[in-house]
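Quick note on numbering: the sequence shown equals residues 202 to 420 in this note's numbering.
C-beta atoms are modelled at their ideal positions from N, C-alpha and C, and glycine is treated no differently.
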Amino acid sequence: MAVRLVFLGPPGSGKGTQARRLGKRFNLVALSSGDTLRQEMKLGSAVGRQAEQYVNGGTLVPDDLITDVMLAGMQKLPKGSGCIFDGFPRTVPQAESLAAKLAGSGERVGQVFDFHLPDEVIIGRIVGRRVCTKCGATYNMDHFPPKRPGVCDECGSRLVQREDDCAEVIRTRLETYRSQTAPLVAFYRQRGLLHSVDASRPADQVECELAQVVETLPQ
Ligand code: AMP
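What follows is the structure, encoded as structure tokens:
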């Protein structure tokens with residue numbers, strides 16, 4: 202059965218970084234809901250146009266919209282290919298839709314990682330975050346700067362600050378997380394799928410812990 206992982210946690214908790222790392226390590230496709238929406242917005246597609254006001258304001262796009270996009274993304278994966286859902290589901294109805302879809306093909310979510318870290322650390326991380334316009338790699342101006350200012354180490358493309366990574370929108374995103382996404386912790390705990398991660402540690406340590414858990418999952 203293909204591995205299905207879910208990364209849950211507030212913005213700036215390192216989900217994207219870890220999804221990329223574990224994806225490479227275990228040959229899993231990282232499906233980031235935020236990256237997918239930003240890509241659609243850049244293309245100016247119907248989905249992108251519908252999502253724009255929510256993404257830029259730091260609130261959640263409607264459940265049906267994101268669920269359709271993410272489940273379609275999963276269906277496009279090569280047969281037998283495992284994946285990491287980074288940033289999806291973010292509400293209980295989204296989690297229910299994902300479970301129902303997987304159940305339809307005899308599958309289930311294998312593990313949910315819940316990334317924890319204090320708000321002050323989150324805000325510092327997000328304000329200093331720069332993202333590659335091409336490959337999506339992320340940097341932090343204080344803790345993990347690129348070798349050449351403004352240029353991605355991995356692909357040489359331009360780095361930018363996301364529009365929703367400003368202090369004002371971050372506050373809304375954290376509130377949205379607490380009111381709409383945090384209830385998913387109980388949802389997955391009840392199903393015995395939750396593994397909590399101290400995400401304030403260096404990325405190598407976090408990766409090591411996640412990898413140990415993934416290694417125990419049936420492939
Ligand atoms: P992220 O890159 O994960 O921080 O997501 C950026 C923005 O995309 C969020 O603030 C939401 O507006 C939107 N978004 C991403 N994932 C979801 C989701 N699962 N449900 C609803 N909105 C989402």
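Reduced DSSP category for residue i - H, G, I as helix; E, B as strand; rest coil
| i | result |
| --- | --- |
| CYS284 | strand |
| LEU394 | coil |
| SER427 | A question about residue 427 goes unanswered here, because the residues of the chain that appear run from 202 up to 420. |
| ARG331 | strand |
| PHE289 | coil |
| ASN228 | coil |
| ARG326 | helix |
| ARG363 | coil |
| ASP320 | helix |
Burial state of residue i, where buried means 16 or more other Cβ atoms lie within 10 Å
| i | result |
| --- | --- |
| THR417 | exposed |
| PRO419 | exposed |
| CYS367 | exposed |
| CYS409 | exposed |
| GLU315 | Checking the displayed sequence, the identity of residue 315 turns out to be Asp instead of Glu. ASP315 is buried by the Cβ-count criterion. |
| GLU241 | buried |
| GLN406 | exposed |
| SER234 | buried |
| LEU411 | buried |
Chain-order list of residues whose beta-carbon lies under 7 Å from that of residue i (same chain, five-residue window excluded)
| i | result |
| --- | --- |
| MET275 | LEU232, CYS284 |
Close beta carbons around residue i, own chain, < 8 Å, minus the five adjacent residues each side
| i | result |
| --- | --- |
| ILE323 | PRO211, PRO212, GLY213, SER214, ILE371, LEU375 |
| SER358 | CYS333, THR334, LYS335, CYS336, VAL352 |
First and last residue of the uninterrupted alpha helix (DSSP H) at residue i
| i | result |
| --- | --- |
| PHE314 | Segment 312-317 is the beta strand (DSSP E) holding PHE314; no alpha helix (DSSP H) there. |
| VAL414 | 404-416 |
| THR373 | 368-377 |
Element boundaries [beta strand (DSSP E), containing residue i]
| i | result |
| --- | --- |
| ARG205 | 205-209 |
| THR260 | Note, THR260: premise wrong, no beta strand (DSSP E); not H, not E. |
| THR339 | 339-341 |
Beta-carbon contacts of residue i that lie in its chain and below 6 Å, excluding the five residues immediately before and after
| i | result |
| --- | --- |
| ARG309 | LEU303 |
| ASP343 | GLY329 |
| LYS348 | ASP354 |
| THR260 | THR377 |
Closer than 8 Å to chain D by CB, residue i
| i | result |
| --- | --- |
| TYR255 | No chain D appears in the structure shown, which is made up of a single protein chain. |
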